[in-house]
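Have a look at the structure below before the remarks.
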Amino acid sequence: MITKLNLEDILFLDIETVPETQHFSELDDTKQTLWEHKSRYQRKDEFTAEEFYDRAGIWAEFGKIVCISVGYFNFQGQRRVFRVTSFYGDEITILKDFKNLLESHFNQTKHLLCAHNGKEFDFPYIARRMIIHNIELPYKLNLFGKKPWEVPHLDTLELWKFGDYKTYTSLKLLTNVLGIPSPKDDIDGSEVCSVYYEDGDIDRIIIYCEKDTIAVAQIFLRLRGDALLSDDEIIQI
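Just so we're aligned: the sequence shown equals residues 3 to 239 in our numbering.
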């Protein structure tokens, strides 16, 4: 049961992704053709491959990570603190810095990673981008040969499903129904691409990503029956 887990052993996280290039025309001919095939089912006849390209960031083969935000609990006597920080900049640097965090501070068997829809998106996306950049996978992301109960990943979406695998509940909806402040009070995922490429405002994306990470931790607390974090318990570093 999640109530028995030590909060200090969990690394909460969220990632933000964008298409690997700003414009479809910047892809070489082979990659354009591959994107046409990859996106055909989702876009159907409503959009051309080029028109649909702003959504390429959701596929690790056609996107890249521009921010990984992480948060972790620390108890100082009776005081509970949730520390949040972000990795951003060049994608290879982001991935290597995140890997270093896992290997230096969250490398024990007891340590777990937690994200919303993390098992379907965040965790495999990070792993795929590492492999693409020839970065050896850290133990916490290397699932080859692991049995299901050996996978060190928690997913607040999966926890909320309670075995009902035919449903999807967004982070925004779940925070709303659980009485948690919405992390989507500025931008949402569909706007990250334009904020990154057109506005060049990485700081805005970092704030958004960190709010999502905090929201994941808040959902986890509610699922445990614990009190939500107050603003003075959250420290951004």
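By construction, the Cβ of each residue, glycine as well, lies at the ideal position given by its N, Cα and C atoms.
Model, not experiment: these values are computed from the prediction.
For this session: Starting from the Cα of Leu97, find the closest Cα among Ser71, Thr177 and Val86 and give me that residue.
Result: Ser71
Problem set entry | Tyr55, buried or exposed, once every other Cβ within 10 Å from all chains shown has been counted against 16 | buried
For this session: Please report the residue range of the beta strand (DSSP E) in which Asp16 lies.
Result: Ile12 to Pro21
For this session: Go through its chain and collect everything with a Cβ distance to Arg67's Cβ below 8 angstroms, but skip five positions before and after it.
Result: Sequence inspection shows Ile at residue 67; the Arg mentioned does not correspond to that position. Cβ neighbours of Ile67 beyond the five flanking positions: Ile17, Glu18, Thr19, Glu93, Ile96, Leu97, Tyr127, Ile128 and Arg131.
Problem set entry | Member of Val197, Glu160 and Gly91 whose CA lies at the smallest distance from the CA of Tyr170 | Glu160
For this session: Using only alpha-carbon positions, find the residue among Asp187, Ile221 and Ser192 that is nearest to Ile209.
Result: Asp187
Exercise. Any chance the region 29-41 sits against the region 80-87, with 3 or more Cβ pairs inside 8 angstroms?
Worked result: no
For this session: Return the chain-ordered list of same chain residues with a C-beta closer than 6 angstroms to the C-beta of Asn144, the five sequence neighbours on each side being excluded.
Result: none
Exercise. How long is the line joining the alpha carbons of Phe75 and Lys40, rounded to whole angstroms?
Worked result: 40 angstroms
Problem set entry | Whole-number beta carbon distance between Arg226 and Ile4, since they are thought to touch under 8 angstroms | 5 angstroms
For this session: Alpha carbon to alpha carbon, how far is His113 from Val86? Give it in angstroms, no decimals.
Result: 17 angstroms
For this session: Would you mind sorting Arg224 into buried or exposed? The rule is 16 or more other CB atoms within 10 Å of its CB.
Result: buried
Exercise. Does DSSP classify Tyr74 as helix, strand or coil?
Worked result: strand
Exercise. By Cβ distance below 7 angstroms, which residues in the same chain neighbour Ile137 in space, the five residues on each side in sequence not counted?
Worked result: Leu97, Lys98 and Lys101
Exercise. Among Phe222, Ala51 and Gln238, which residue has its Cα nearest to the Cα of Leu9?
Worked result: Phe222
Exercise. Which residues in the same chain have their Cβ closer than 7 angstroms to the Cβ of Gly91, if we skip the five residues on either side of it in sequence?
Worked result: none
Exercise. Run through DSSP, which three-state label would Ile236 get?
Worked result: strand
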